[in-house]
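Visitor:
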Amino acid sequence: MSDCLFCRIVSGEVPGSVVYHDEQVTAFRDIRPQAPTHILIVPNVHLTSTEEVRPEHISLMGRLIQLASELARQEGIAASGYRLVLNTGPDAGQSVGHIHLHLLGGRRFGWPPG
Ligand code: DGP
Numbered sequence: 000m001s002d003c004l005f006c007r008i009v010s011g012e013v014p015g016s017v018v019y020h021d022e023q024v025t026a027f028r029d030i031r032p033q034a035p036t037h038i039l040i041v042p043n044v045h046l047t048s049t050e051e052v053r054p055e056h057i058s059l060m061g062r063l064i065q066l067a068s069e070l071a072r073q074e075g076i077a078a079s080g081y082r083l084v085l086n087t088g089p090d091a092g093q094s095v096g097h098i099h100l101h102l103l104g105g106r107r108f109g110w111p112p113g
């Protein structure tokens, strides 16, 4: 989708701090980091939110989590721990309409979230 910011980062049309890219998924650093490590992992295909996930996307969604784990190791936060977040819709504060898995780490997080 040409008007989707994250589609444009995936295609390289908009510069992003990309840390990983393949034919399925792309990972880039969040522009407003909420932790020392804050990476967004997105499917290259445009899916607005988890509300659009269908059975054919199950392995793609698993890949997002598996890549998060790989990146956590690379970032040195696998042992200390990290948080994975998928915001869906207004009550969760989703601000970009393209599924993105937040990988956050390098500090202690509270629970439950505010
Ligand atoms: P969410 O609130 O879950 O929809 O998170 C959207 C995130 O996207 C938010 O943490 C800030 C980030 N973001 C917004 N615009 C850009 C951008 O142009 N580049 C990058 N790298 N991140 C962005």
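Just so it is clear: in the sequence shown, position 58 is 57 by numbering that gives the first Met the number 0, and no numbers are missing. Even for Gly, the Cβ is constructed at its ideal location relative to N, Cα and C. None of these values were measured; they are calculated from a predicted model.
1) From P36 to E55, what does the alpha carbon distance come to, in whole angstroms?
2) Using the three-state DSSP reduction, which class does A26 fall into: helix, strand or coil?
3) In the region 12–83, which residue ranges form an unbroken alpha helix (DSSP H) of at least 4 residues, counting only runs that do not cross its ends?
4) Please report the straight-line C-alpha distance between A78 and G105, rounded to a whole angstrom.
5) What's the C-alpha gap between H20 and R72?
6) Quick check: the Cα distance between Y81 and I8, rounded to an integer number of angstroms?
Guide: Reading it off the structure:
1) Here residue 36 refers to the residue found at position 37 when the sequence shown is read from its first residue. Here residue 55 refers to the residue found at position 56 when the sequence shown is read from its first residue. The residue you asked about is not Pro; residue 36 is Thr in the sequence shown. The alpha-carbon atoms of T36 and E55 are separated by roughly 30 Å.
2) In the sequence shown, counting from the first residue as 1, residue 26 sits at position 27. Strand.
3) Fully enclosed alpha helix (DSSP H) runs of 4 or longer: 57–74.
4) Start at 1 with the first residue of the sequence shown, and residue 78 comes out as number 79. Start at 1 with the first residue of the sequence shown, and residue 105 comes out as number 106. Taking the Cα positions, A78 is about 10 Å away from G105.
5) In the sequence shown, counting from the first residue as 1, residue 20 sits at position 21. In the sequence shown, counting from the first residue as 1, residue 72 sits at position 73. Looking at the two C-alpha atoms, the distance is approximately 17 Å.
6) In the sequence shown, residue 81 corresponds to position 82, counting from 1. In the sequence shown, residue 8 corresponds to position 9, counting from 1. Taken atom to atom, the span from the alpha-carbon of Y81 to that of I8 is near 24 Å.
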